[in-house]
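Notes to accompany the following structure.
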Amino acid sequence: MLIRRETPADVPAVRAVTAAALARAGASLPVEVTLLDALRGTRDAWLPALSLVAAGEQGQVVGHVVRTLTAHRPELRGTFAYAEPFRAVSA
């Protein structure tokens with residue numbers, strides 16, 4: 003697995019990974035997917051260098067982590083969000 007910066011070409015895969023990781027029964031698209039889209043379009047919140055993807059053996063995006071500025075919610079400043087739908091869970 004390789005951790006690298008997200009590129010514009012990764013956006014559809016990041017959206018898919020986020021949707022798979024945060025899917026809820028009865029919901030069409032997790033709000034986090036549209037939130038990421040909205041944050042990407044802001045200069046005040048989006049930190050491109052801190053949007054990272056985990057790439058699998060064939061280069062496919064299998065995970066995503068992002069750090070944004072959250073000026074509108076000071077209590078969240080400095081927090082991280084991540085999506086990783088393909089994780090092994092031990093019993």
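At position 14 of the sequence shown (counting the first as 1) the number is 16 in our numbering, and the numbers step up by one without a gap. We treat Cβ as the ideally placed atom computed from N, Cα and C, and that holds for glycine.
Close-in-space but distant-in-sequence residues of the same chain around residue i (CB under 6 Å, 5 per side omitted)
{"i": "Leu-71", "result": "Ala-47"}
{"i": "Leu-52", "result": "Arg-69"}
Where the beta strand (DSSP E) containing residue i begins and where it ends
{"i": "Arg-6", "result": "4 to 7"}
{"i": "Gly-65", "result": "63 to 70"}
Where residue i falls: helix, strand or coil (DSSP)
{"i": "Pro-10", "result": "helix"}
{"i": "Leu-38", "result": "helix"}
{"i": "Arg-17", "result": "helix"}
{"i": "Ala-27", "result": "coil"}
{"i": "Ala-47", "result": "coil"}
{"i": "Arg-89", "result": "Any reading at Arg-89 is ruled out, since the residue's pLDDT is 44, under 50, leaving its predicted position unreliable."}
Sequence-distant residues of the same chain with beta carbon closer than 8 Å to residue i, five excluded per side
{"i": "Val-35", "result": "Arg-17, Thr-20, Ala-21, Leu-24"}
{"i": "Val-13", "result": "Arg-42"}
{"i": "Leu-54", "result": "Ile-5, Arg-6, Arg-7, Glu-8, His-66, Val-67, Val-68"}
Supposed contact pair residue j and residue i - C-beta distance, whole angstroms, cut 8 Å
{"i": "Leu-4", "j": "Ala-57", "result": "5 Å"}
{"i": "Ala-29", "j": "Val-63", "result": "In fact, because the Cβ distance is near 22 Å, the residues do not count as touching under 8 Å."}
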